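Its first residue numbered 1, the sequence shown is counted upward by one per residue in UniProt numbering. Yeah, the Cβ is synthetic: ideal placement off N, Cα and C, and Gly gets one too. Model, not experiment: these values are computed from the prediction.
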Amino acid sequence: MDTAQYHPLCQPLRRLVNSLFEPNLCTNLDEVLILYIPRDGFTEVNTYHQRFADCWNYLITYTKALLEGSKLPGALAEMPLSLRKSLSAMKDIVKAAAKMKIGNARASLVEPQLGYCLRELEMRLQQGWGCGHGLVAIFEVVK
Numbered sequence: 001m002d003t004a005q006y007h008p009l010c011q012p013l014r015r016l017v018n019s020l021f022e023p024n025l026c027t028n029l030d031e032v033l034i035l036y037i038p039r040d041g042f043t044e045v046n047t048y049h050q051r052f053a054d055c056w057n058y059l060i061t062y063t064k065a066l067l068e069g070s071k072l073p074g075a076l077a078e079m080p081l082s083l084r085k086s087l088s089a090m091k092d093i094v095k096a097a098a099k100m101k102i103g104n105a106r107a108s109l110v111e112p113q114l115g116y117c118l119r120e121l122e123m124r125l126q127q128g129w130g131c132g133h134g135l136v137a138i139f140e141v142v143k
């Protein structure tokens with residue numbers, strides 16, 4: 001079962017996330033934002049995905065604000081440790097990139113780090129419900 005089979009409105013993010021690692025290529029960060037649309041009958045999974053999307057989007061919006069020198073977004077009601085660490089890392093990397101005299105620092109330094117931070121969020125926010133890339137089977141053991 002692919003993610004799109006569970007929810008056909010899932011956004012195809014893999015290409016966009018991979019573009020964060022392309023040398024000398026700046027990604028439109030607005031396109032990497034997740035618009036999560038819940039699916040009826042899956043309350044716990046929807047709660048997980050909405051929380052994940054909120055953290056993912058906050059990290060991207062925060063990074064974009066740092067890059068633009070604009071006002072940072074207001075804090076989320078819940079800020080998991082992995083998100084707080086990623087925000088700190090992005091703040092440091094954007095600050096360092098501004099001082100570097102290397103080609104396109106955003107494409108070569110900031111965006112790859114954002115990609116790693118997004119991956120870290122994906123790994124650290126997992127709940128063990130099979131909400132990753134694919135689901136092979138669901139078993140119910142009745143004793």
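At the level of alpha carbons, what is the spacing between residue i and residue j?
i: I60; j: K95; result: 16 Å
i: Y62; j: L114; result: 11 Å
i: L76; j: E44; result: 20 Å
i: R124; j: L16; result: 21 Å
If residue i sits next to residue j, beta carbons under 8 Å apart, how far is it from one beta carbon to the other, in whole angstroms?
i: R106; j: C26; result: 6 Å
i: A97; j: L109; result: 5 Å
Looking only at its own chain, which residues have a Cβ that is under 7 Å from the Cβ of residue i, when we skip the five neighbours before and after it?
i: L9; result: I37
i: L33; result: N57, I60
If distances are taken between C-alpha atoms only, which option among the options comes closest to residue i?
i: G103; options: L20, S19, N24, P12; result: N24
i: S86; options: V142, G69, R39, L121; result: L121
i: E22; options: K101, C55, P112, L35; result: P112
Are the CB atoms of residue j and residue i within a distance shorter than 8 Å?
i: Y48; j: Q127; result: yes
i: M90; j: L66; result: yes
i: L35; j: Q11; result: yes
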